[in-house]
Amino acid sequence: MTKDERGNIGELLKKVADNELGHGLTDGVRNGTPVFIHRTFAEFFAAQFLFRKIKATGNEDLKAPVLDMYGEGDYRLVMLFLDSCATVSCPLHSAIISGDMTGLSSNAIDEHAHDQDEFGRNFLHVAALHGSPDIFERLSKKISLILKERMFDMFSMTPFMYAEKVQAWQRLDTFCAVPSAVSIDWAEEIPRVRENVKKEKDLQKSVLHVAVSDDLRFLLDVLLSAFCRKRRQSSLEVNSHRVDVDTIKDRKRRTLLFYALTDRVLRLLLPYCDISTKYGFGCTPVLEAAYAVSLCNMEYDEVYEMSIIKIHTQIPLRSKISPLHLMEMRLPYFPVDAFTYCDRTPLHLSVDFRVTDLVKLFLLRSRTNITGGSRGRTPLQVSIRHCRTGITNVLIPHSSIYDYPDRVFSHDNGWTHINYMPWIWKCKPSIDVVVSLYYSPEKRSEIVRKARDPATYQQAFEALLPYLNVSDESNCVATFAFTSLFEHQYRFVLRRLLLEFDASTYNVDGCTALHECAKRSFHDALDATKLLLPHADISATDEAGMTALQVSCENRGDENKVTRILRRWTTNA
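Residues 3 to 575, numbered by this note's numbering, are exactly what the sequence shown covers, in order.
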């Protein structure tokens, strides 16, 4: 400052301290300096001082430090006052800074669109620094026309450079949306952003992350097309100097694809990103969305905790875009049968999450016969195992019961039947399934519960009988006798089977049920023989040409009770 300037400032500050100028209150003078009650007054006078110095000739060295103050939070009001000083003679500029929508009528915009303020700026420079979304909407029709020419102000800055300088990404996105933006040299217009995209590998600090997370699709399109390379082989070879988007990751190793929350942003990213990307324990963008859906729909329990303990999400659970909608959006673009941690697919985990709508979505693109987990279960097996009724009903129409491995799912989940009703598996081929029973897991649980108690065993059998899928009825009674596992109410079971099936036919070993009773030693064989005799052919022979009596004599002896009753029936016959 010159001596005269210092004298003028001193006199001005003295008048301010004495409240002679009406600019506000002070708390007196300390060491010859006024102490303002609010720093705004000091910022206002600092802006006036800077404005005069910048306009004065021979102060080129001051422009660089003043330009550096833009975008700094500590100088926000100083720069606002400074720009207000420069736009006093420009109504359109002043209206943008003050947010006065009445000063932005169509006539006013047309009349003053090419005006320049004291810093050589047009209205777009000012809008890039101070424009609100409403103001940009009002100015949108004129932006494309003005941007056709590259416009530098006194600080050698363009509107793009200012938007980049103050990190006004929404405003920069609006500039990128105009048709004339396609011919712009972005490396020159936004050099700091270019360096950020090329060198910053921390996703949280990348401008690409801002564009993706804030749905700034026009800015994202510019950044991708100008600085990044597509995943086509030809592009990788020709544009090796461009940025590989998949190298930009957050601390959990997630790429930009995990942050795409709208379809338009996702579509822009897909040509530049690897759709098979995973992070951590095999979590894909689809699985992460599924996890977010589950957080919105279910309570925490042990099974759920085991399923998601290794999964994390940054997807907002309460926003305009619901996690389920995001799941629907991502589903067509990413592989869904990819194995996650514990060797399970997203469909397996969706069964654990217990969200029926989620299972229905995965069924659109998932294979249902893939086994996963430590025990190699299919999604249907997992659902049945944990009695997920609604999900089981959804999965069964999509599962083939004769296609490995779902054809044996009842062996995996029907261990309670084997324990309490072992003859079930002897009355039907081992590869077949009691399919219809699994439409109602509650029914199955009720049957098993009653089968444990001898007092209700008959009820369990009556309830189960309609579900038996017996492909060879002639084999049923003979096979039942072959099991040698007569327990509880076996007499009732055998009587019931005799009402349904023919006791005179042969099993796969060429024996009738009566032959089985004659040759095998099992508990209460005599009672079983008595039940069978009225329904059996006493003269029938097995593959060796022997009758039941001959078999009993050979295996039990002539004086055995079973032998004697067989001899009596043979004699009477």
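Yeah, the Cβ is synthetic: ideal placement off N, Cα and C, and Gly gets one too.
Keep in mind it's a predicted model, so treat the numbers as computed, not measured.
Out of the options, which one is the CA nearest neighbour of residue i?
i           : options            : result
residue 388 : 287, 355, 328, 324 : 355
residue 295 : 107, 357, 280      : 357
residue 518 : 501, 554, 497      : 554
residue 110 : 54, 140, 515       : 140
residue 534 : 505, 362, 543      : 505
residue 369 : 201, 142, 349, 329 : 349
residue 547 : 537, 565, 511      : 511
residue 631 : 515, 496, 462      : Because the chain is modelled from 3 through 575, residue 631 falls outside the range shown and cannot be assessed.
residue 212 : 246, 353, 112, 166 : 166
residue 97  : 80, 70, 136        : 136
residue 170 : 76, 192, 374       : 192
residue 499 : 464, 529, 509, 190 : 464
residue 531 : 544, 545, 543, 551 : 551
residue 217 : 271, 545, 93, 186  : 271
residue 78  : 168, 145, 112, 128 : 168
Measuring straight from C-alpha to C-alpha, what distance separates residue i and residue j?
i           : j           : result
residue 335 : residue 260 : 12 Å
residue 410 : residue 381 : Bear in mind that a pLDDT of 40 at residue 410, under 50, signals an unreliable position, so the model cannot answer this.
residue 101 : residue 126 : 14 Å
residue 290 : residue 340 : 13 Å
residue 559 : residue 549 : 14 Å
residue 114 : residue 132 : 17 Å
residue 416 : residue 451 : The predicted position of residue 416 is uncertain, since its pLDDT is 43 and thus under 50; a value taken from the coordinates is nonetheless stated next. In a straight line, the C-alpha of residue 416 is about 13 Å away from that of residue 451.
residue 363 : residue 330 : 7 Å
residue 372 : residue 383 : 11 Å
residue 399 : residue 278 : 29 Å
residue 366 : residue 72  : 52 Å
residue 310 : residue 254 : Residue placement at residue 310 cannot be trusted, given a pLDDT of 46 that sits under 50; the coordinates are not used to answer.
residue 486 : residue 539 : At residue 486, the pLDDT of 42 sits below 50, so the modelled position is not reliable and the matter cannot be decided from this model.
residue 536 : residue 391 : 43 Å
residue 69  : residue 157 : 7 Å
residue 263 : residue 332 : 9 Å
residue 397 : residue 563 : 53 Å
residue 327 : residue 268 : 14 Å
residue 571 : residue 565 : 10 Å
residue 374 : residue 292 : 18 Å
residue 522 : residue 448 : 33 Å
residue 325 : residue 215 : 15 Å
residue 568 : residue 561 : 11 Å
residue 347 : residue 206 : 29 Å
Following the continuous alpha helix (DSSP H) through residue i, name the residue where it begins and the one where it ends.
i           : result
residue 205 : First-last for residue 205: undefined, no H or E at that position.
residue 353 : 348-355
residue 191 : 188-191
residue 93  : 93-100
residue 67  : 62-71
residue 563 : 563-574
residue 392 : 391-397
residue 233 : Residue 233 -> no alpha helix (DSSP H), and no H or E assigned at all.
residue 161 : 161-167
residue 462 : 459-466
residue 359 : 358-365
residue 558 : 550-558
residue 175 : 171-178
residue 80  : 78-88
residue 250 : From DSSP, residue 250 is part of no alpha helix (DSSP H); its letter is neither H nor E.
residue 503 : Segment: none, residue 503 is in no alpha helix (DSSP H) and carries neither H nor E.
residue 531 : 527-534
residue 112 : 108-114
Using 9 Å as the threshold, is the C-beta distance between residue i and residue j below it?
i           : j           : result
residue 242 : residue 234 : no
residue 121 : residue 88  : yes
residue 119 : residue 142 : no
residue 361 : residue 288 : no
residue 163 : residue 124 : no
residue 520 : residue 557 : yes
residue 203 : residue 250 : yes
residue 194 : residue 138 : no
residue 107 : residue 99  : no
residue 247 : residue 257 : yes
residue 130 : residue 80  : no
residue 342 : residue 275 : no
residue 385 : residue 393 : yes
residue 228 : residue 266 : no
residue 53  : residue 84  : yes
residue 460 : residue 503 : no
Could you tell me whether the Cβ of residue i comes closer than 9 Å to any Cβ of chain B?
i           : result
residue 105 : Protein chains in the displayed structure number just one, and chain B is not present.
Indicate, with yes or no, if the ligand FMN has a heavy atom lying under 8 Å from the CB of residue i.
i           : result
residue 506 : With respect to the ligand FMN, the structure shown offers nothing to examine, as it has no ligands at all.
- Message: Tell me whether the stretch 209-221 and the stretch 165-181 touch, counting them as touching only if at least three CB pairs, one residue from each stretch, are closer than 8 Å.
- Response: yes
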